[in-house]
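Chemist: Provided herewith is a single structure, encoded as structure tokens, for subsequent inquiry.
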Amino acid sequence: MKAVRLESVGNISVRNVGIPEPGPDDLLVKVEACGICGTDRHLLHGEFPSTPPVTLGHEFCGIVVEAGSAVRDIAPGARITGDPNISCGRCPQCQAGRVNLCRNLRAIGIHRDGGFAEYVLVPRKQAFEIPLTLDPVHGAFCEPLACCLHGVDLSGIKAGSTVAILGGGVIGLLTVQLARLAGATTVILSTRQATKRRLAEEVGATATVDPSAGDVVEANAGTVGFV
């Protein structure tokens, strides 16, 4: 199969590699869609720890083509998306429920081969079945959307809230929509890119600002109740 490999810092190639074989607790997944994350750029430039050579891609969706001998609840033909972050479950952070701070964290597409390939191995515990009727591109959005949901949950947004979002990339635009769904009545997105400001207003932002154009607080004082 073809795979996009981070060979070393600053060096990415497309290579022919063998299709991986699933272990007892693995799923072999034929990749339908895989997103390019800002983390992938950091990996390329050596700004985030990884273990090259490795196939990149941690935002993916695909069809199960083979299930390991110990997997009983997901069968070939199912569509899944994956949580790329594999925690050990044993370290003090994991035992305290802070699995994102696992001392032995291993991530698909960062420390082990990921979704920039025709097939990817996904441990069963990291796989989540999604509808076959769902657009695979939307399936690949599950991982970044989960990150946004976590942020919205932590923020405590409720009906009537005023929310400011800094940055108009995918994460910012997803957060605009989630903030409105959470009940925020005023959602302001700040980005220098005019196309992103227009898109933000199309998906739910009540106002957008260009942070390089002046005093953002003064410009929006009446809108958000600044004093």
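In my numbering, the protein residues as written are 12 to 238.
Cβ atoms here follow ideal geometry from the backbone N, Cα and C, with glycine treated the same way.
(1) Hey, could you find the ends of the alpha helix (DSSP H) Thr-186 is sitting in?
(2) Beta-carbon within less than 6 angstroms of Ala-190's beta-carbon, same chain only, minus the 5 sequence neighbours each way: which residues are those?
(3) With DSSP collapsed to three states, give me the class of Gly-29.
(4) Grouping DSSP H, G and I as helix and E and B as strand, with all else coil, what is Leu-17?
(5) With a threshold of 16 other CB atoms inside 10 Å of the CB of Arg-208, please say whether the residue is buried or exposed.
(6) Find the nearest neighbour of Val-181 within the set Val-40, Gly-79, Asn-27 and Ile-47, judged by alpha-carbon distance.
(7) Under the assumption that Pro-31 contacts Asp-124 (Cβ atoms under 8 angstroms), give the Cβ distance between them as a whole number of angstroms.
(8) Please determine, among Val-28, Gly-21, Thr-144 and Asp-36, the residue with the shortest C-alpha to C-alpha distance to Lys-13.
(9) Round the Cβ separation of Glu-77 and Leu-39 to the nearest angstrom and send it over; I've been treating them as touching at under 8 angstroms.
(10) When you compare only the Cα positions, how much space is there between Ile-176 and Ala-81?
(11) Starting from Ala-128 and walking both ways along the beta strand (DSSP E), at which residues does that stretch end?
(12) Let me make sure I understand the geometry here. Which of Leu-17, Phe-139 and Ser-61 has the alpha-carbon closest to that of Arg-90?
Modeler: Reading from the atomic positions:
(1) Its alpha helix (DSSP H) spans residues 181-192.
(2) Answer for Ala-190: Ile-168, Val-174 and Val-198, listed in chain order.
(3) Here Gly-29 sits in coil by DSSP.
(4) In the structure shown, the three-state DSSP call for Leu-17 is strand.
(5) Its Cβ being crowded by 16 or more others within 10 Å, Arg-208 is buried.
(6) It is Ile-47 whose Cα lies nearest to the Cα of Val-181.
(7) Separation of the CB atoms of Pro-31 and Asp-124 is rounded to 7 angstroms, and the pair is thereby assigned contact status at 8 angstroms.
(8) Looking at the Cα atoms, Val-28 is the closest of the given residues.
(9) Their Cβ separation, rounded to whole angstroms, is 4 angstroms, which keeps Glu-77 and Leu-39 in contact under 8 angstroms.
(10) CA-to-CA, the gap between Ile-176 and Ala-81 works out to about 44 angstroms.
(11) Taken as a continuous stretch (DSSP letters only), Ala-128 belongs to no beta strand (DSSP E), as it is neither H nor E.
(12) Nearest of Leu-17, Phe-139 and Ser-61 to Arg-90, Cα basis: Phe-139.
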